[in-house]
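Novice: Okay, here's the structure, questions in a sec.
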Amino acid sequence: MKDAIISFLKGLWIGGTMTVPGVSGGAMAMIMGIYDRLIYSVSHLFKEFKKSVLFLAVFACGGVIGAVLFSKIITFLLNNFGVPFRFFFVGAIAGGIPLMLKSARVKKFSPACIICPLIGGAIVVGIWLLTKKQFGGGMPSLHDSAVKYIIFSLIAGVLAAIALVVPGISLTHIFAMLGIFAPIMAAVGDLDIKALLQYIPMGLVCVVGTFLIAKILEPAMNNYPTPTYLTIFGFLLGSIPALLFDPADKGADAAASVSYSDLSAVMWIVSILCAALGFFALYMLSRFEIKRINETAKEEAAE
-10 MKDAIISFLK
0 GLWIGGTMTV
10 PGVSGGAMAM
20 IMGIYDRLIY
30 SVSHLFKEFK
40 KSVLFLAVFA
50 CGGVIGAVLF
60 SKIITFLLNN
70 FGVPFRFFFV
80 GAIAGGIPLM
90 LKSARVKKFS
100 PACIICPLIG
110 GAIVVGIWLL
120 TKKQFGGGMP
130 SLHDSAVKYI
140 IFSLIAGVLA
150 AIALVVPGIS
160 LTHIFAMLGI
170 FAPIMAAVGD
180 LDIKALLQYI
190 PMGLVCVVGT
200 FLIAKILEPA
210 MNNYPTPTYL
220 TIFGFLLGSI
230 PALLFDPADK
240 GADAAASVSY
250 SDLSAVMWIV
260 SILCAALGFF
270 ALYMLSRFEI
280 KRINETAKEE
290 AAE
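The sequence shown begins at -10 in our numbering and counts up one residue at a time.
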């Protein structure tokens, strides 16, 4: 029961924070110490069906409720306290770095310590720059063109699956790139079921894609932890510029970056304090997962 409550609360937090432009759900899951379990449950869905389904269902319930509850709050905070709010999440990403390096099992410096994060960072920055080109003009209407609607749903579903599974890639920026971020946020915030129904095919593709990507990623993390986690570390670092400067919270039509030139000294101090608060909060949470990793390593060494 305790485990279910913790999983639900983590899902609540991750689902809520995923509505923040630039914040990666995978990154938050990694920082919260639940990422490995999510990947394992998805990739072993049919081998350990009951256990996996129960865990994923509890987590998903928390995630959906979190997204609905936080969508309007997140929009309000971004519109009224955008810079401090963004700094908080940058601090949170930084607070998860020790856990990431611990998961990578880096024992000594090697070229991979530089190359893998650079590759990961370049991939995320590349996706971020694509959002600037505003790829797509929103979801095509099924009544106007069924073919375009199906193709769009396939592309959007695959990209959404990548964003859900791979830490550092923001689902909100994928949606902004496709021109569907603003309408989805509005539909979720208003619980407009009719508007959300048109995204069901995209969601189904996303579910299947998530399963397939997890099947690839899980053995990579187990068999090649150092390059895999170092690349994911690069994903996290690469997400910081998008989080600080991209205006996806204003919708896919936004063109201007977040401005820092007019911030007062007081606002800079508040923003830095928010970053420190985010770092401290997530670092303290990640310590429990670091302790678990250390205990697991000791047990494996004893065997």
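Glycine residues also receive a C-beta, built at the ideal position from the N, C-alpha and C atoms.
Spell out a yes or no on whether the stretch 190 to 201 and the stretch 74 to 90 are touching, meaning 3 or more CB-CB pairs, one atom from each, closer than 8 Å.
Specialist: Not touching, per the Cβ criterion.
Novice: Roughly how many angstroms separate the alpha carbons of Lys137 and Thr8, rounded to a whole number?
Specialist: Cα-Cα distance, rounded: 27 Å.
Novice: State the DSSP-derived secondary structure class of Ser(-4), mapped to helix, strand or coil.
Specialist: It is helical.
Novice: Can you tell me which of the three DSSP states Gly85 falls into?
Specialist: It is coil, neither helix nor strand.
Novice: Just tell me which of Val259, Pro216, Lys(-9) and Lys183 has its CA closest to the CA of Lys97.
Specialist: Ranking the options by Cα distance to Lys97, first place goes to Pro216.
Novice: Can you tell me whether Asp25 is helix, strand or coil according to DSSP?
Specialist: Reduced to three states, the DSSP call for Asp25 is helix.
Novice: Note the first and the last residue of the continuous alpha helix (DSSP H) segment covering Met17.
Specialist: Run containing Met17: Gly14 to Ile20, per the alpha helix (DSSP H) assignment.
Novice: Quick test of the definition: if touching needs 3 or more C-beta pairs under 8 Å, does the stretch 12 to 22 touch the stretch 32 to 45?
Specialist: No, they do not touch.
Novice: When burial is assigned at 16 or more other CB atoms within 10 Å of the CB, is Tyr24 buried or exposed?
Specialist: Under this definition Tyr24 is a buried residue.
Novice: Give the single residue among Ile108, Ala145 and Phe76 whose Cα lies nearest to the Cα of Phe268.
Specialist: Of the candidates Ile108, Ala145 and Phe76, the one whose C-alpha sits nearest the C-alpha of Phe268 is Phe76.
Novice: Using the beta-carbon count (16 or more within 10 Å), is Ile62 buried or exposed?
Specialist: Exposed, by the Cβ-count rule.
Novice: When the Cα of Met89 is compared with those of Ala270, Ala16, Leu252 and Pro208, which residue comes out closest?
Specialist: Taking only the C-alpha atoms, the option nearest Met89 is Ala16.
Novice: Going by CA-CA distance only, name the one from Tyr188, Ser92, Leu107 and Ile103 that's closest to Phe141.
Specialist: Considering only alpha carbons, the answer is Tyr188.
Novice: Report, in whole angstroms, the separation of the C-beta atoms of Pro73 and Ser260, which I expect to be a contact under 8 Å.
Specialist: Between Ser260 and Pro73 the Cβ distance is about 5 Å, and since that is below 8 Å, they are a contact.
Novice: Find out if the Cβ-Cβ distance for the pair Gly198, Gly110 is shorter than 9 Å.
Specialist: Cβ atoms of Gly198 and Gly110: not closer than 9 Å.
Novice: Helix or strand or just coil, what does DSSP make of Tyr272?
Specialist: Of the three classes helix, strand and coil, the one that applies to Tyr272 here is helix, per DSSP.
Novice: Below 7 Å CB to CB, which residues in the same chain sit around Arg94 once its five sequence neighbours on both sides are set aside?
Specialist: Cβ neighbours of Arg94 beyond the five flanking positions: Pro214 and Thr215.
Novice: What is the rounded straight-line gap between the Cα of Ser253 and the Cα of Leu43?
Specialist: Rounded to whole angstroms, Ser253 to Leu43 spans 49 Å at the Cα level.
Novice: DSSP three-state call for Met7: helix, strand or coil?
Specialist: Met7: coil per DSSP, three-state reduction.
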